[in-house]
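Undergrad: Sending over a structure as structure tokens; questions will come in a sec.
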Amino acid sequence: MMLRLALGTLRHRVGAFVGTFVAAVLAVALLAAGGLLLFSVLTAKAPADRFAASDLVVSTDRHVTVTSTHEKKKGKTKTKTKSERLTGAGTLPPDLADRLSRVPGVAATVADSAFPVVLVGPHGQSVHGADDAPVIGHGWGSAQLTPYALRTGRTPRAGEAVIDADLAQRGGLSVGSRVMVTSRAGTRPLVVSGVAAPSGRAGLPAQGALFVADSAIGQVSGLSGPTAVGVQAVRGTSIGELRDGVRSVAGDLPVRTGGDRVEADLPGAVPDYIGPISIFGFTIGITGFAAVFVLTGTVSLGVRQRLRELALLRTAGATPRQLRRLLGAEAVVLAILAAIPAVPLGIVLSRVIAARFKEIDAIPAQFEVRTNPAVLVAAVVVGVLLTFVSARVAGRRAAKIAPTQALAETAVAPTGALVLRTLIALITAGGAVAVLTFVPLGGDLGMGMSFISSALLLCAVAALGPVLVHGLTAVFGRVAGLGGVTAWLAGLVTRAESRRVAAVAVPLVLMFAINATMLLTSNLLTKVTHSEAAARGAVATAQVTSRDGIPLTTVADVVRQPGVTGSAATVPTSVILPEEDEPEDHPAQGIEHSGDSAIDLGFTAGNLGGAGTFAASKPLASAHHWKVGESVSMWLADGYPVTLRLTGIYERARGFGELALPGALVASHDPRGLATGVALRYDGDVASRITARWPDLTVTRGASTATAADTEDQEGAWEVMMAITLGFTAIAVINTFAISASGRRREYADLRLAGATVGQVRGAALREAVVTVAVGLVLGAIVTGIVVGAFSIAQDGAFRIIVDPARYAALAGGVAALGLVAGIVPTRVLLRRRSLPDIVSPE
């Protein structure tokens with residue numbers, strides 16, 4: 000019976016449910032989009048297998064794995080294994096391929112030495128693979144592992160190279176072209192002797208390929224052995240038996256078959272989805288919170304506008320339980336109907352978001368959004384449940400309305416639940432305070448924690464909305480009431496209807512607080528990062544940089560120039576540390592320094608050392624309780640284990656790295672191994688001599704303001720997420736104002752019948768909108784100020800509320816303008832001349 004009544008209500012009162020329908024559509028669409036993005040990145044596979052022609056592949060482990068055992072009660076033990084992906088690849092024994100070839104069932108073995116290179120064409124242009132993929136160098140003998148076959152030209156000799164067809168096309172190269180190839184072993188000219196391609200394509204989708212003569216691999220790559228060995232089986236040989244035989248020779252080295260073979264590729268040549276998992280996980284967290292927040296508020300407001308109707312049903316004999324069931328049934332039907340347009344909208348939205356993330360290089364260019372029915376169904380189910388729960392919660396108090404309220408001009412829901420609301424507010428506000436106080440906001444999780452604390456504070460505001468709004472409207476309402484009868488009426492209404500003002504103002508609070516927090520924390524982090532970068536390079540006379548990186552051999556020649564008194568070359572890398580029985584990856588820099596100090600890391604203890612030493616950032620040293628002089632074990636980028644002695648602790652780590660290691664050590668174990676820049680101290684005309692000898696180098700006088708790429712990517716990702724939430728919350732604000740205005744048709748009609756002119760009603764509505772917007776902005780500014788202030792202190796000890804006044808004012812002005820327009824337009828629509836007969840007619 001309740002279902003039939005719900006269907007009838009929806010059919011005959013379409014206008015009353017438009018706002019909730021719109022909110023449900025947006026919520027389900029955002030949940031579907033976020034779910035598809037997260038599902039796609041979690042199930043993403045490498046786009047191609049470079050070892051497709053091999054049956055087995057042997058390589059070093061591409062992960063650092065730590066296994067720990069803990070004692071439990073009653074003598075039981077618990078074993079835990081955690082892994083962290085490496086950014087480089089270790090080398091295998093040079094004779095491994097020969098030993099494997101003697102295993103029964105092996106037809107052939109092929110050693111592969113993979114190493115990243117910078118390829119520059121004859122006109123100085125950098126050449127990349129498809130989708131700006133990196134170029135990976137190999138020996139020509141390993142071309143058969145894919146397999147690559149020559150299309151034109153011949154195999155390479157000393158001083159020559161074969162490139163894939165993608166590189167030839169994108170770089171305008173052909174047989175006979177002269178190119179420059181840079182690796183960690185140095186820069187050398189090569190002549191293109193041939194163009195090759197895999198069968199049926201121009202190249203592999205995630206990497207360009209360059210092949211040198213097998214005899215030149217060590218000289219060009221700097222590798223001491225192969226990074227993988229492909230094994231081809233004798234026809235008819237059991238792969239399982241062959242794997243066992245290969246393992247008997249390979250020992251603990253991983254032996255990969257089938258789809259796992261791609262794991263043996265150079266990590267830099269395989270798209271990395273670790274970062275995108277975090278990005279999309281956070282995206283669905285932000286959009287999910289906004290969806291829940293907006294949907295709950297919209298449904299509650301919609302129920303509140305129907306109090307007189309609910310009172311009539313109570314008069315007709317309906318019990319509170321029946322009304323709650325009615326509201327729940329309406330919500331379910333409405334959410335199911337909303338899912339029809341929401342699902343395709345979510346699919347389109349997921350592709351738009353992914354495209355934008357690709358544009359800012361936050362995710363690999365090869366990433367593809369995959370449509371999964373289970374994810375879409377889950378989004379619909381979650382949307383239906385959220386709408387249903389919101390309706391039931393909103394109806395809990397509304398259903399208790401007295402039957403006599405149907406005879407009153409204005410129906411008011413019973414008050415109560417203040418104790419529960421206060422308890423919820425205290426819990427959520429306490430959680431926010433705990434996060435801002437005890438979580439290290441200056442670390443990698445700082446921006447994420449700032450959002451969580453903002454969300455908790457918003458929940459507290461929503462729980463105590465009527466109470467907080469009542470205090471503000473007592474002030475703003477009286478100010479708005481100055482200036483005549485119309486103003487007096489507007490001020491009186493806003494003070495008396497604090498619940499209605501709260502219902503409309505809370506979406507404004509959400510819109511401003513969430514987006515202002517993301518905008519200001521991102522902007523602050525960028526400013527602090529640039530400031531620390533400038534301070535690090537302040538002692539240098541000039542910075543020497545290159546578009547594609549500088550080999551340490553070139554660095555050594557540069558610093559030997561007459562007049563150079565000090566230098567510091569930085570080589571970016573990553574280091575894995577054992578933390579609480581699990582490996583954790585940390586950004587680091589190799590520093591090759593000499594002479595006078597040319598880089599100032601802001602040491603609080605000790606300084607940079609020499610071979611066998613390292614320095615650490617103050618937060619990292621504090622987290623591990625390290626002291627200067629202590630020896631620490633770690634893994635380098637290729638998984639090579641080292642133990643280094645701590646000689647210094649520094650403060651200026653943002654945009655730099657959490658560890659500083661010897662540059663030569665880093666370059667020998669990082670696959671790229673190139674310096675991003677060299678800070679120099681010199682006297683005389685050193686700059687002109689450097690640019691004359693090395694035209695590809697740029698000398699910039701003064702301090703460097705360059706920041707780490709991950710900081711820029713993070714800022715771009717936050718901007719995309721802010722755009723998503725801005726769009727959603729903007730629609731929610733418009734929707735909420737529209738619902739509120741439509742619920743006041745009778746009130747406006749009574750004012751017109753009492754003699755108020757259309758202009759007077761519009762004037763009152765405008766002042767009410769101004770009060771509502773002011774309340775929303777004040778509460779939003781308070782939430783933002785608390786979070787941003789704590790975040791600012793965590794960065795550099797300075798308390799800031801408004802990091803960027805221009806952007807802050809622009810966002811506040813935009814929110815205010817949207818709120819005013821959303822508050823005025825629906826009222827003007829209701830008060831159009833042709834609508835007056837409907838307004839004055841009984842409902």
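Numbering that gives the first Met the number 0 puts the sequence shown at residues 0 to 842. In this text, a Cβ means the ideal position worked out from N, Cα and C, and glycines have one as well.
According to the Cβ coordinates, are residue 583 and residue 590 closer than 8 Å?
TA: Indexing the sequence shown from 1 puts residue 583 at position 584. Indexing the sequence shown from 1 puts residue 590 at position 591. No; because the gap between Cβ atoms is not below 8 Å, this pair is not in contact.
Undergrad: Got a sec? Which residues, its chain only, sit under 7 Å from residue 206 by beta carbon, not counting five neighbours each side?
TA: In the sequence shown, counting from the first residue as 1, residue 206 sits at position 207. 128, 132, 133, 135 and 268, listed in sequence order.
Undergrad: Among 627, 614 and 633, which one has its Cα closest to the Cα of residue 581?
TA: The residue given as residue 581 occupies position 582 in the sequence shown. Ranking 627, 614 and 633 by Cα distance to residue 581 puts 633 first.
Undergrad: Return the CA-CA distance between residue 164 and residue 217, expressed in angstroms with no decimal places.
TA: Locating residue 164 in the sequence shown gives position 165, where the first residue counts as 1. Locating residue 217 in the sequence shown gives position 218, where the first residue counts as 1. Looking at the two C-alpha atoms, the distance is approximately 25 Å.
Undergrad: Verify whether the separation of the beta carbon atoms of residue 541 and residue 679 is less than 8 Å.
TA: By one-based count along the sequence shown, residue 541 stands at place 542. By one-based count along the sequence shown, residue 679 stands at place 680. Contact flag set, yes.
Undergrad: On a Cα-Cα basis, can you pick out the residue from 175, 145, 144 and 146 that is closest to residue 155?
TA: Indexing the sequence shown from 1 puts residue 155 at position 156. Measuring from the Cα of residue 155, the nearest candidate turns out to be 175.
Undergrad: Measure the CB-CB distance between residue 160 and residue 211 and report whether it falls below 8 Å.
TA: As a working mapping, residue 160 is identified with position 161 in the sequence shown. As a working mapping, residue 211 is identified with position 212 in the sequence shown. In this structure, residue 211 lies closer than 8 Å to residue 160 by Cβ.
Undergrad: When you compare only the Cα positions, how much space is there between residue 838 and residue 826?
TA: One-based indexing of the sequence shown puts residue 838 at position 839. One-based indexing of the sequence shown puts residue 826 at position 827. Note that residue 838 scores 45 on pLDDT, short of 50, meaning its location in the model is unreliable and no value can be drawn from it.
Undergrad: With distances taken between CB atoms, is the gap from residue 739 to residue 376 smaller than 8 Å?
TA: Here residue 739 refers to the residue found at position 740 when the sequence shown is read from its first residue. Here residue 376 refers to the residue found at position 377 when the sequence shown is read from its first residue. Going by C-beta atoms, residue 739 is not nearer than 8 Å to residue 376.
Undergrad: Apart from the five residues on each side of it in sequence, which residues of its chain come closer than 6 Å, Cβ to Cβ, to residue 515?
TA: Within the sequence shown, numbered from 1, the residue matching residue 515 stands at position 516. Around residue 515: 783 and 810.
Undergrad: My output table needs one value for residue 140: the three-state DSSP class, helix, strand or coil.
TA: Taking the sequence shown and counting its residues from 1, one reaches residue 140 at position 141. The answer is helix: DSSP assigns residue 140 an H, G or I state.
Undergrad: Roughly how many angstroms lie between the CA atoms of residue 233 and residue 204, to the nearest whole one?
TA: Position 234 of the sequence shown, counting from 1, holds the residue named residue 233. Position 205 of the sequence shown, counting from 1, holds the residue named residue 204. Their Cα atoms are separated by approximately 30 Å.
Undergrad: Counting only the same chain and skipping the five closest in sequence on each side, list residues whose C-beta sits under 8 Å from that of residue 447.
TA: If you number the sequence shown from 1, residue 447 lands on position 448. Contacts found: 281.
Undergrad: Am I right that residue 23 and residue 337 are in contact with their C-beta atoms under 8 Å? What's the rounded C-beta distance?
TA: Start at 1 with the first residue of the sequence shown, and residue 23 comes out as number 24. Start at 1 with the first residue of the sequence shown, and residue 337 comes out as number 338. That pair is a contact at about 4 Å.
Undergrad: Is there a Cβ of chain B sitting closer than 8 Å to that of residue 793, yes or no?
TA: In summary, chain B is missing from the structure at hand, where a single protein chain is found.
Undergrad: Across the stretch 599-612 and the stretch 47-57, are there enough close Cβ pairs to call them in contact, namely three or more that are closer than 8 Å?
TA: In short, these stretches do not touch, since the Cβ pair count stays below three.
Undergrad: For residue 444, does the three-state DSSP call read helix, strand or coil?
TA: For the purposes of this step, residue 444 is taken as the residue at position 445 of the sequence shown. The answer is coil: DSSP assigns residue 444 none of H, G, I, E or B.
Undergrad: What span of residues does the alpha helix (DSSP H) with residue 783 cover, start to end?
TA: For this step, residue 783 is matched to residue 784 along the sequence shown. Note, residue 783: alpha helix (DSSP H), 757-795.
Undergrad: With respect to the alpha helix (DSSP H) encompassing residue 240, which residues constitute its N-terminal and C-terminal limits?
TA: Stepping through the sequence shown from its first residue, residue 240 is reached at position 241. Looking at the DSSP string, the run of the alpha helix (DSSP H) that includes residue 240 is 238-249.
Undergrad: In the DSSP assignment, find the unbroken alpha helix (DSSP H) run with residue 437 in it and report its ends.
TA: Taking the first residue of the sequence shown as 1, we reach residue 437 at position 438. Taken as a continuous stretch (DSSP letters only), the alpha helix (DSSP H) holding residue 437 covers 417-437.
Undergrad: Taking the alpha carbon of residue 96 as the reference point, which residue from 245, 26 and 643 has its own alpha carbon closest?
TA: Residue mapping note: residue 96 aligns to position 97 of the sequence shown, counting from 1. Cα-wise, what sits closest to residue 96 is 245.
Undergrad: Taking the alpha-carbon of residue 549 as reference, which of 166, 183 and 689 has the nearest alpha-carbon?
TA: In the sequence shown, the residue the question calls residue 549 occupies position 550. Here the closest residue by C-alpha is 183.
Undergrad: Taking Cβ positions, are residue 368 and residue 36 nearer each other than 8 Å?
TA: By 1-based counting over the sequence shown, the position of residue 368 is 369. By 1-based counting over the sequence shown, the position of residue 36 is 37. Yes, Cβ-Cβ distance for residue 368 and residue 36 is below 8 Å.
Undergrad: At which residues does the alpha helix (DSSP H) containing residue 359 begin and terminate?
TA: Position 360 of the sequence shown, counted from the first residue, corresponds to residue 359. It is not in any alpha helix (DSSP H) - residue 359 carries neither H nor E in the DSSP assignment.
Undergrad: Quick check on the burial criterion: 16 or more other C-beta atoms within 10 angstroms. Buried or exposed for residue 408?
TA: The residue given as residue 408 occupies position 409 in the sequence shown. Unreliable positioning characterises residue 408 in this predicted model, as indicated by a pLDDT of 47, which lies under 50. A coordinate reading is not provided.
Undergrad: Does the distance from the C-beta atom of residue 457 to that of residue 388 stay below 8 Å?
TA: Here residue 457 corresponds to residue number 458 of the sequence shown, with the count starting at 1. Here residue 388 corresponds to residue number 389 of the sequence shown, with the count starting at 1. Contact flag unset, no.
Undergrad: Could you tell me the distance, in whole angstroms, from the CA atom of residue 381 to the CA atom of residue 357?
TA: Here residue 381 refers to the residue found at position 382 when the sequence shown is read from its first residue. Here residue 357 refers to the residue found at position 358 when the sequence shown is read from its first residue. Spanning the two alpha carbons is a distance of roughly 28 Å.
Undergrad: Give every residue of the same chain whose Cβ lies closer than 8 Å to the Cβ of residue 534, excluding the five residues on either side of it in the sequence, and list them in chain order.
TA: Sequence index remark: in the sequence shown, residue 534 carries index 535 (1-based). 599, 601, 651 and 702.
Undergrad: Count the other CB atoms within 10 Å of the CB of residue 339; is the residue buried (16 or more) or exposed (fewer)?
TA: Along the sequence shown, read from residue 1 onward, the residue named residue 339 stands at position 340. Classification for residue 339: exposed.
Undergrad: By the 10 Å Cβ neighbour count, where 16 or more other Cβ atoms means buried, how is residue 122 classified, buried or exposed?
TA: Stepping through the sequence shown from its first residue, residue 122 is reached at position 123. With fewer than 16 Cβ atoms within 10 Å of its Cβ, residue 122 is classed as exposed.
Undergrad: Out of 365, 470, 525 and 547, which one is the CA nearest neighbour of residue 654?
TA: Taking the sequence shown and counting its residues from 1, the one referred to as residue 654 is at position 655. Ranking 365, 470, 525 and 547 by Cα distance to residue 654 puts 525 first.
Undergrad: Using 10 angstroms around the beta-carbon of residue 255, count the other beta-carbons present and answer buried if the total reaches 16, otherwise exposed.
TA: Locating residue 255 in the sequence shown gives position 256, where the first residue counts as 1. Buried.
Undergrad: Report the three-state DSSP secondary structure of residue 629 (helix, strand or coil).
TA: Indexing the sequence shown from 1 puts residue 629 at position 630. Coil, per DSSP.
Undergrad: What number of angstroms, rounded off, separates the C-alpha of residue 472 from the C-alpha of residue 459?
TA: Indexing the sequence shown from 1 puts residue 472 at position 473. Indexing the sequence shown from 1 puts residue 459 at position 460. So the two alpha carbons sit approximately 18 Å from each other.
Undergrad: Per DSSP, residue 634 forms a beta bridge with which residues?
TA: Working through the sequence shown from its first residue, we reach residue 634 at position 635. Partner(s): 575 and 640.
Undergrad: DSSP three-state call for residue 340: helix, strand or coil?
TA: One-based indexing of the sequence shown puts residue 340 at position 341. Reduced to three states, the DSSP call for residue 340 is helix.
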